[in-house]
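Residue numbers (the numbering used here), protein chains in the order written: chain Y, -2 to 115; chain C, -2 to 115. Idealized CB from N, CA, C, for every residue including glycine. For clarity, every value in this text was computed on a predicted model and none was experimentally measured.
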DNA sequence: CAAGTATTTAAGCTATTGCTAAATTAAGTC
DNA sequence: GACTTAATTTAGCAATAGCTTAAATACTTG
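The following block contains the structure:
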């Protein structure tokens, strides 16, 4: 029980470090809702090499934020939200704001196109 | 309102980065409950030079996590909890766990000293 | 086991971080 | 103005983070 507490304490710090990186947040988001193979992830990220993705996956895995499942030559990753603890709220808020901002931009654009009636 | 949202979005990311550093968490904790001068902080931290503290204070200030008040030759800093948003919970949890751990250690020690009765 | 696919590991490079010591700024005091 | 105290800024350094390319590993299939 004490051990559990101690472990989680360490994880929270590791998790903080892990998600302090935008790249790793991006990757974490990809495996948030569904399990994905390293290859899928790497070809989605695209502006960075496969090894770079692999290395970031490793950091995420070591911090306990994602789990790995091997099947054949593939490795599937998915987020382990329990490990995030209170950081989950932080991520959600960031991501929600991203969406809000996209929506705002879309609306602005729509307004710009629509003929003004004044 | 939109601008406010956007600004806060940026701050949340900056705040993450800022408190990803153990040193800055240590400093933030010092100015959590009460305003303190740079000097007080620097002489409390002790295992690091004054300039190092000053630089970290600057990062914290730029990220919006602390505020600065100048008075005479002194500069007083204190945490601005609003800027932390959902990260406040994260910090509290870390710090609570620190305390828990200290308490555990103290209890263990007490147990070790107390004569066994079996 | 040879060949192919999926993925990681290794080696090396650049930019950034966190620090130190020395120089500088700013404000108050004689 | 010269001097002291509080704090920051600058310059420079060592360690680390994040990346790239090339090499290695692991599994599958003929």
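query	result
DSSP three-state assignment for residue 43 (chain C), whether helix, strand or coil	coil
Where residue 65 (chain Y) falls: helix, strand or coil (DSSP)	strand
Contact set between the region 28 to 59 of chain Y and chain C, restricted to residues whose Cβ is under 9 Å from the partner	none
Coarse secondary structure for residue 51 (chain C), derived from DSSP in three states	helix
Boundaries of the alpha helix (DSSP H) in which residue 80 (chain C) is found, first to last residue	78 to 81
Distance CB(residue 13 (chain C))-CB(residue 10 (chain Y)) smaller than 8 Å	no
Close beta carbons around residue 60 (chain Y), own chain, < 6 Å, minus the five adjacent residues each side	11, 12, 15
Alpha helix (DSSP H) segment containing residue 87 (chain Y), residue limits	84 to 110
Own chain residues within Cβ distance below 6 Å of residue 42 (chain Y), not counting five before or after	50
Residues that residue 9 (chain Y) contacts on chain C, provided the C-beta gap is smaller than 8 Å	87, 90, 91, 94
Beta-carbon neighbours of residue 82 (chain Y), restricted to chain C and to distances below 8 Å	87, 90
Backbone CA spacing between residue 58 (chain C) and residue 95 (chain Y) [nearest angstrom]	24 Å
Minimum Cβ-Cβ distance from residue -1 (chain Y) to chain C less than 8 Å	Confidence in residue -1 (chain Y) is poor, its pLDDT being 43 and thus under 50, which makes the residue's placement unreliable; the coordinate value appears in the next sentence. Cβ-Cβ to chain C under 8 Å: yes for residue -1 (chain Y).
Own chain partners of residue 21 (chain Y) with C-beta closer than 7 Å, once the 5 adjacent residues on each side are dropped	15, 53, 56, 57
Same chain, Cβ closer than 6 Å to residue 84 (chain C), five either side skipped, listed in chain order	12
Proximal chain Y residues relative to residue 76 (chain C), where beta-carbon distance stays under 9 Å	Here the premise fails: no neighbours, minimum Cβ distance about 17 Å.
Residues, ordered as in the chain, of the region 14 to 25 of chain C that lie near chain Y by beta-carbon distance below 8 Å	14, 16, 17, 19
Residues bridged to residue 20 (chain Y) [DSSP beta-bridge criterion]	Residue 20 (chain Y) is not bridged to any residue.
Reduced DSSP category for residue 9 (chain C) - H, G, I as helix; E, B as strand; rest coil	helix
Buried versus exposed call for residue 102 (chain C) [16 or more other C-beta atoms within 10 Å across all chains shown]	exposed
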